[in-house]
DNA sequence: GTCCGGCCACAACCAGTGGTTGTGGCCGGG
DNA sequence: CCCGGCCACAACCACTGGTTGTGGCCGGAC
């Protein structure tokens, strides 16, 4: 199945005759006839009944038509996604932290007419470079690691503080706790595979460890959240941190516990970064939406790294 | 943009190298290279950065990737829509009556995982023939016109009674009424363009006219609902019938009135028709959904033609 | 530093897809 | 009954899109 053929099918269905469709597509009637015949051969069904005054859709053809239109519009959207100028708003979200994705879903629900593309870049350096080059329009990050101020032309606001919870298996020493003070975690093994040194995410946990004397192991490759959950569920001595907004599904039989952390609650400070000169109209809408969503949230009793931008 | 090229792009993005993608697609590495180069030329952006150990997606490539996947899955759905055996459930709804479409939307909301194709066939003869031949799985109709019983192998249940309302312009004699008894419509001109003689829809209005002494004009071609609304709005002497569930948008400045009809309220008896032997699993789900939706509705004070199937 | 291996790009060549023109059959209306 | 309009089939041709062959580049090992 090829897109030109599908386009021909739609044109013929709309015109209700091959001749006119051919004129519209600037080919001969014979070409249209051959394309439709080829499409019918590929699909294995008759799409038109040929009459002396044109061509009528068969029932199969009527069923196929909306799918054909959808296919063409998907092609149009695909091409638009990389068109320079008036392309969809491109937003980078930090991997492994699902809260930013949730914010973007909320924005999409509030503004379904705004075209969005969501990416996950590697780290904040890449994100900032992409914002400066115009490759992306905005990025959800914890803002810059200590000692590396943002360039002048990049703006940032803190838009969401996501509390971290402890995730344990049923046999863990803290599995029964309703909540646990941060200081009580000293001495427990906390495993966070997949943290890449040098990223702003790693800097966050470095600060957390230094300030509260935790021991976080980032050893081993990240085999994905399934493997992580498997291990946490089966290993009494291990726990991990997980954003409170992260929605996970785990296999039946894994009796995992989410335990809020308090005194203070460590929160991950998601911020939105963008280029001050970016004229994309949807960017203003995104900023307004996030500002409205963040308003009124309380920061008492929470901890963020000293280098997090203020609210 | 052609689908083979897009498939190649996705394979290369997944494999993170052209060579492996080529093996997967059973072509040479050179062919993949040429396809990707052609795609990049068409789109006007670089999709991969070529390295000595493979090919990495650029940011544009990352933005394009989900659209490419969507495009391929749209192609898959399009092909599936005409695949014999295990194709989406195909349901015919009567044109110009929007209530059946509403029922199908409700069904889709309740079962988003069930693939659906909605068609609008010409009349009940066509629909019954299509059901018997297996071209469609079900049809929303008012069931058969008088004197033409359904074939033995077709089953039917009445699933929705849709009250008709009178639609008038602001200068119509009845424009100010909160409701109007059916008998009061005698002598008023009611215009229903587009009724095709011989259809079950025409039979419905024939009976309505005969029983209550109305005068319904079906003259003139149907130029679509926009033209109908224009005329109704501007012509004090004309009114038309419209299903209570029909959602219309009319241009600003048209002050149209919807007036319920009573004593009795004429209702259009939508029924679901299907083939007794149709094994499509989604058909059972549709019947169950409609039965649940129809339960408990009251038929007191309403009128249906004598030939409507009982509830 | 140098060599080697892996991967991608360019060039030349060839087959087959997909277009064109020419023509015939069919159906409906005047 | 003939004419006009529309679609299908046939023959032909160009160019797209594949193949093989080869070269350049980069990174790791020695």
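Residue numbers (full-length UniProt numbering), protein chains in the order written: chain L, 1 to 311; chain C, 1 to 311. All C-beta atoms, glycine included, are put in the ideal place defined by N, C-alpha and C.
Here's a check: name, in chain order, each residue in its chain whose Cβ is nearer than 6 Å to the Cβ of residue i, leaving out the five neighbours to either side.
i              : result
residue 213(L) : 186
residue 199(C) : 123
residue 241(L) : 164
residue 158(L) : 269, 271, 309 and 311
Under 7 Å between the Cβ atoms of residue i and residue j?
i              : j              : result
residue 127(L) : residue 121(L) : yes
residue 75(L)  : residue 3(L)   : yes
residue 180(C) : residue 261(C) : yes
residue 305(C) : residue 207(C) : yes
residue 82(L)  : residue 60(L)  : no
residue 23(C)  : residue 32(C)  : no
residue 282(C) : residue 114(C) : yes
residue 94(L)  : residue 141(L) : yes
residue 89(L)  : residue 289(L) : no
residue 285(L) : residue 111(L) : yes
residue 25(L)  : residue 12(L)  : no
Let me check you understand the geometry: is the CB of residue i closer than 6 Å to at least one non-hydrogen atom of the ligand ADP?
i              : result
residue 200(C) : Among the ligands in the structure shown, none appear at all, so the ligand ADP cannot be discussed.
Which value, in whole angstroms, describes the spacing of the CA atoms of residue i and residue j?
i              : j              : result
residue 14(L)  : residue 56(L)  : 10 Å
residue 292(C) : residue 103(C) : 12 Å
residue 256(L) : residue 42(C)  : 50 Å
residue 18(C)  : residue 54(C)  : 7 Å
residue 137(C) : residue 131(C) : 6 Å
residue 66(L)  : residue 276(C) : 28 Å
residue 259(C) : residue 205(C) : 18 Å
residue 263(C) : residue 118(C) : 35 Å
residue 71(C)  : residue 68(L)  : 11 Å
residue 215(L) : residue 287(L) : 37 Å
residue 40(C)  : residue 86(L)  : 19 Å
residue 172(C) : residue 297(C) : 32 Å
residue 250(L) : residue 9(C)   : 32 Å
residue 80(L)  : residue 209(C) : 54 Å
residue 217(C) : residue 211(C) : 16 Å
residue 139(C) : residue 271(C) : 8 Å
residue 77(C)  : residue 160(C) : 30 Å
residue 105(L) : residue 108(C) : 22 Å
residue 267(L) : residue 84(L)  : 37 Å
residue 62(L)  : residue 203(L) : 57 Å
residue 36(L)  : residue 135(C) : 20 Å
residue 310(C) : residue 299(C) : 11 Å
residue 152(C) : residue 52(L)  : 36 Å
residue 278(C) : residue 133(C) : 10 Å
residue 243(C) : residue 176(C) : 19 Å
Going by beta carbon distance, what residues of the same chain come within less than 7 Å of residue i, once the five residues before and after it are set aside?
i              : result
residue 238(L) : 189, 191, 231 and 232
residue 64(L)  : 47
residue 254(C) : 229 and 233
residue 6(C)   : 68, 71 and 72
residue 235(L) : 169
residue 100(L) : 93, 94, 140 and 270
residue 29(C)  : 18, 19 and 22
residue 125(L) : none
List the DSSP bridge partners of residue i.
i              : result
residue 201(L) : DSSP lists no partner for residue 201(L).
residue 48(C)  : 57(C)
residue 302(C) : 265(C)
residue 307(C) : In the DSSP output, where bridge partners are listed per residue, residue 307(C) has none listed.
residue 190(C) : 216(C) and 239(C)
Leaving aside the five residues before and after residue i along the sequence, list all residues of the same chain whose C-beta is less than 8 Å from its C-beta, in chain order.
i              : result
residue 265(L) : 163, 164, 182, 301, 302 and 303
residue 150(C) : 128, 143, 144, 156 and 273
residue 1(L)   : 39, 42 and 43
residue 58(L)  : 45, 46, 47, 48 and 49
residue 184(L) : 174
Complete runs of the alpha helix (DSSP H) confined to the stretch 54-101 of chain L [at least 4 residues]: With a minimum length of 4 residues, the unbroken runs of alpha helix (DSSP H) contained wholly in the stretch 54-101 of chain L fall at 59-80.
- What residue ranges within the stretch 208-289 of chain C form continuous beta strand (DSSP E) runs of no fewer than 3 residues, ordered along the chain? If we require 3 residues or more, the beta strand (DSSP E) runs fully inside the stretch 208-289 of chain C come out as 215-217, 238-243, 257-262 and 265-275.
Continuous alpha helix (DSSP H) assignments of at least 4 residues falling wholly in the stretch 112-187 of chain L: The qualifying runs are 124-133.
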